[in-house]
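Contents: one structure, followed by commentary.
Residue numbers (full-length UniProt numbering): 1 to 152.
Right under this line is the structure:
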């Protein structure tokens, strides 16, 4: 068969590969039952869905015409990855609220449409407050609100 949509084919290949790898890793954990789910239940279901979407995308790439793969936009890719890595590295050092600023602003600059305005700053503050309240206070995820660099 001929690949009619290279973009869908390679995206499907990536999804299916990641899904298969996640299934392999999740298979090491007990599944449990539907009523009493084990630690492997949710990852196995998500990995199975990712694998299924990958196979469907590969199938679609063989049946329908699609667009060719465009060149990779390296700068936006680096900014998005850099924002996530920066968040992970800075979280214990500067705390959750300040690390969220990095996580939000660095990837946002990847878009040519992004403008730092009162509105965007207000939305960022709302997102940070929501995240701190939800994850640190309500769910009790162990993340420092003030990192060790700022404690003195």
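All residues carry an ideal CB built from backbone N, CA and C; glycine is no exception.
query	result
Reducing DSSP to helix, strand and coil, say where residue 37 ends up.	strand
Under 8 Å between the Cβ atoms of residue 12 and residue 66?	no
Following the continuous alpha helix (DSSP H) through residue 29, name the residue where it begins and the one where it ends.	Unbroken run through residue 29: none, as it is neither H nor E.
Starting from the Cα of residue 142, find the closest Cα among 133, 150, 56 and give me that residue.	133
Evaluate the contact criterion for the region 91-107 versus the region 116-129: three or more CB pairs, one atom per stretch, below 8 Å.	yes
Using a Cβ-Cβ cutoff of less than 6 Å, which residues in the same chain neighbour residue 29 once the five nearest sequence positions on both sides are dropped?	39, 40
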